[in-house]
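Numbering (this note's numbering), first residue to last: 1 to 307.
Cβ coordinates follow ideal geometry from the N, Cα and C atoms, glycine included.
Here is the structure we will look at, set down as structure tokens.
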């Protein structure tokens, strides 16, 4: 596939529109403006292509909100993209997607992550192979049943037109993927996640990817509206920063998207926009039994059915 292929053009147009609509809605909630940083990887570098990184920092609601679009081509797929497709190892590829992470200021507002993407690779002597990936997940610092249930209901509704099996399957996949193995601990309350997906054919697989991307604001912004004005103090802020440290650990140690970007020669500044502006670590910290902080571990950082 090439940048002039109508299918690629259509997916690119959708992703650019998605980035614009999400940042517009988030800006309206926060009151601050996103700064757009357009970039290009020229010929001669390991990866060629372009993108737009949109970032809001120091806002009233979001301490950092990053939403990036990228469309790149490279001479060979990195290992992080071929662990389930060894026959494509080293094949030329094209990838495009929108990825976002929003880190709220108020500890009672959860962090959210979303990514939707398309990859195409052309093995030697073969035809292009195309697949989709994506999902969204919620990482609270202080858990609320209503928030987690709303997030999961929205994910389930977005996937419903594509088969009753998709939500439970992708919910389990999300629970498995967003898990800190070195801590034996989930990152948050999950959501949905899928990768290497093409089983519905190109058009329906594309439509499913787009349905997930378009559901992000409906899944997340009502939660922000409910929690953003909740009073908090130094204790809650300290716990938020401590838990953000876990977020950093997952992104750097386990996340395939981060590994793909760095291994393929991507733009480091855009790849690491998911990092929170502040985080902390403490040695063997344990919350007090019966505290709201302990409840996060006992009731929310566990596998459970939310809908």
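| Item | Value |
| --- | --- |
| Taking C-alpha atoms, which residue in 110, 92, 141 lies nearest to residue 127? | 92 |
| If we require 3 or more residues per run, which beta strand (DSSP E) segments fall completely within the region 105-171? | 111-121, 129-139 |
| Just checking my contact of residue 311 with residue 69 at CB under 8 Å: how many whole Å lie between their CB atoms? | The structure shown does not extend to residue 311, since the chain is modelled only from 1 to 307, so the question has no answer here. |
| Could you check what DSSP says for residue 65 in three-state terms: helix, strand or coil? | strand |
| Among residues of its own chain, excluding the 5 on either side of residue 302, which ones have a beta-carbon nearer than 8 Å to its beta-carbon? | 186 |
| Which runs of the beta strand (DSSP E) at least 3 residues long sit entirely within the region 161-237? Give them in chain order. | 190-197 |
| Along the chain, where does the alpha helix (DSSP H) containing residue 32 start, and where does it finish? | It is not in any alpha helix (DSSP H) - residue 32 carries neither H nor E in the DSSP assignment. |
| On the DSSP bridge assignment, give the partners of residue 56 in chain order. | 65 |
| Let me confirm a value: residue 147 is counted as buried when at least 16 other C-beta atoms fall within 10 Å, else exposed. Which label applies? | buried |
| Have a look at residue 153 and residue 278 and give me their C-alpha separation to the nearest angstrom. | 31 Å |
| Quick one: what's got a C-beta closer than 6 Å to residue 295's C-beta in the same chain, skipping five residues either side? | none |
| Using a Cβ distance threshold of 8 Å, determine whether the region 175-184 contacts the region 243-256, with at least three qualifying pairs required. | yes |
| How is the alpha helix (DSSP H) around residue 294 delimited, first residue to last? | 292-295 |
| In the structure shown, what three-state DSSP assignment does residue 73 receive? | strand |
| Out of 246, 307, 287, 259, point me to the one whose CA is closest to residue 281's CA. | 246 |
| Please confirm whether residue 54 and residue 28 have their CB atoms less than 8 Å apart. | no |
| Where does residue 305 fall in DSSP's three states? | coil |
| Using a 10 Å radius around the Cβ and a threshold of 16 neighbouring Cβ atoms, would you call residue 229 buried or exposed? | exposed |
| When the distance is taken between beta carbons, is residue 95 closer than 8 Å to residue 117? | yes |
| Please determine, among 140, 200, 184, 259, the residue with the shortest C-alpha to C-alpha distance to residue 341. | Here the chain comprises residues numbered 1 to 307, so residue 341 is not present and cannot be evaluated. |
| Have a look at the DSSP bridge pairing and note the partners of residue 48. | 73 |
| Have a look at residue 233 and residue 307 and give me their C-alpha separation to the nearest angstrom. | 32 Å |
| For residue 309, which residues does DSSP report across the bridge? | No information on residue 309 is available, as it lies outside the stretch 1 to 307 that the chain covers here. |
| When you compare only the Cα positions, how much space is there between residue 58 and residue 64? | 6 Å |
| Using beta-carbon positions only, say whether residue 194 and residue 134 come within less than 8 Å of one another. | yes |
| Name the two residues that bound the continuous alpha helix (DSSP H) containing residue 256. | 256-263 |
| In angstroms with no decimal places, state the Cα-to-Cα distance between residue 205 and residue 18. | 17 Å |
| What does residue 100 pair with, by DSSP beta-bridge criteria? | 67, 114 |
| Take residue 285 and list the residues in its own chain whose beta-carbon comes closer than 7 Å to its own, dropping the five residues that flank it on each side. | 242 |
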